[in-house]
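Chains as they are written, first to last, in this note's numbering: chain F, 1 to 159; chain G, 1001 to 1159.
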């Protein structure tokens, strides 16, 4: 059952559920790689989505990246995303929701004293039927904004 | 089973598990309140703890606060915490681990455009036997650093 969806979450409701699939990554400083990814969006009846994501290596399934945070819908199709990364970055992204597509870009990024240097992230999430296409561009370690990740995930549950 | 604990996590291993109990909150701008709290620390074999926390109202159990993030042990008893809050704050705390006690303070806090204003957080977590005492002081909404939360949680599982 669970709580009723908050009215302000209508614009982001298409993201709810657990999504799982595979992706490919590239960046000027590393070798191209393939990965498995799981994304989960859930709600507790309040006007935000909780979010967690993790990726793993295809083959031995060792964990690669992970991130967690909250998605806050705003009036007129806006959205704010508050996110923590285990490599030492806390990040706020802002963006727009258009139909079943979200475009996000870094509003502010801060690093812990020992964090990797990340200066800007741009994301797009597009849902078509039961497929979530998840793309990420990143400026980090002195590289300009560059395509980094593309994954296609299938909706496994809707909550 | 799960993965083997990363050697760097020894200093924080006493936090692992799910903790549940009750607390009391106060702040100059609000009426005192009591709450239920669940804290969960887990690991995936890498040198950080994943962390999630949620609180609820005693009685009707409606959700109150929540937060999620990552705890990164550092050499010589240091720790960095990267945390996201659903009211629009991304926060990095730094601190020290002494035995089964962690003291943290804000390193940097950033807000989304519509976030509540929080300027500084200080936390202490102390484990004694199977009890986690969780204390938080906060400077927010133009108030100086002030005691806000105290909870005592029981260890429900150790993973």
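All C-beta atoms, glycine included, are put in the ideal place defined by N, C-alpha and C. All values derive from a computational prediction rather than experimental measurement.
#1: What residues from chain F crowd round residue 1072 of chain G, counting only those whose CB sits closer than 9 Å?
#2: Given that a residue counts as buried once 16 or more other Cβ atoms are within 10 Å of its Cβ, and exposed if not, what is residue 1053 of chain G?
#3: Consider the Cβ of residue 131 of chain F: report whether some Cβ of chain G lies at a distance smaller than 7 Å.
#4: By how many angstroms is the C-alpha of residue 69 of chain F removed from the C-alpha of residue 1086 of chain G?
#5: With contact counted as at least three CB pairs below 8 Å, one residue from each stretch, are the segment 79-94 of chain F and the segment 1070-1086 of chain G in contact?
#6: Do you know offhand how far residue 126 of chain F's Cα is from residue 150 of chain F's?
#7: Round the Cβ separation of residue 1063 of chain G and residue 2 of chain F to the nearest angstrom and send it over; I've been treating them as touching at under 8 Å.
#8: Please state if the CB of residue 36 of chain F and the CB of residue 56 of chain F are separated by a distance shorter than 7 Å.
#9: Could you tell me the boundaries of the beta strand (DSSP E) in which residue 119 of chain F lies?
#10: In the segment 88-109 of chain F, which residues sit with their C-beta less than 8 Å from some C-beta in chain G, listed in chain order?
#11: Indicate the three-state DSSP secondary structure (helix, strand or coil) for residue 15 of chain F in the structure shown.
#12: Is there a Cβ from chain F that is less than 7 Å from the Cβ of residue 1048 of chain G?
#13: So, is the C-beta of residue 69 of chain F closer than 7 Å to a C-beta in chain G?
#14: On the three-state DSSP scale, how would you describe residue 1005 of chain G?
#15: Measure from the alpha carbon of residue 77 of chain F to the alpha carbon of each residue in F:96, F:136, F:67 and F:92, then state which is nearest.
#16: Do you know offhand how far residue 1022 of chain G's Cα is from residue 120 of chain F's?
#17: Any idea what DSSP makes of residue 1143 of chain G, helix, strand or coil?
#18: Could you tell me the distance, in whole angstroms, from the CA atom of residue 1138 of chain G to the CA atom of residue 1025 of chain G?
#19: Less than 8 Å between the CB atoms is what I'm expecting for residue 1130 of chain G and residue 1155 of chain G, so what's the real figure, rounded?
#20: Looking at residue 27 of chain F and residue 148 of chain F, is the spacing between their C-beta atoms short of 7 Å?
#21: What is the C-beta distance between residue 110 of chain F and residue 1108 of chain G, in whole angstroms, given that I count them as a contact (C-beta under 8 Å)?
From the atom records:
#1: Taking the beta carbon of residue 1072 of chain G as reference, the chain F residues within 9 Å of it are 86, 87, 88, 112, 114 and 115, listed in sequence order.
#2: Here residue 1053 of chain G is buried, its C-beta having at least 16 other C-beta atoms within 10 Å.
#3: Not one chain G Cβ lies under 7 Å of residue 131 of chain F.
#4: Taking the straight line joining both Cα atoms gives about 7 Å.
#5: Yes, the segment 79-94 of chain F touches the segment 1070-1086 of chain G.
#6: Each residue's Cα considered, the two are about 11 Å apart.
#7: Residue 2 of chain F and residue 1063 of chain G do not touch by the CB rule: their CB atoms are close to 11 Å apart, not below 8 Å.
#8: Yes, the pair counts as a contact, with Cβ atoms nearer than the cut-off.
#9: For residue 119 of chain F, the enclosing beta strand (DSSP E) covers residues 118-128.
#10: Cβ contacts with chain G come from 88, 89, 90, 91, 92, 94, 107 and 108.
#11: Judged by DSSP in its simplified three-state form, residue 15 of chain F adopts helix.
#12: It does; some Cβ of chain F falls within 7 Å.
#13: Cβ-Cβ to chain G under 7 Å: yes for residue 69 of chain F.
#14: Three-state result, residue 1005 of chain G: coil.
#15: Considering only alpha carbons, the answer is F:96.
#16: C-alpha separation (whole angstroms): 40 Å.
#17: Coil, per DSSP.
#18: Straight-line Cα distance between these residues: approximately 11 Å.
#19: Rounded to whole angstroms, the Cβ separation of residue 1130 of chain G and residue 1155 of chain G is 4 Å, and the two are in contact under 8 Å.
#20: Cβ atoms of residue 148 of chain F and residue 27 of chain F: closer than 7 Å.
#21: Confirmed, about 5 Å.
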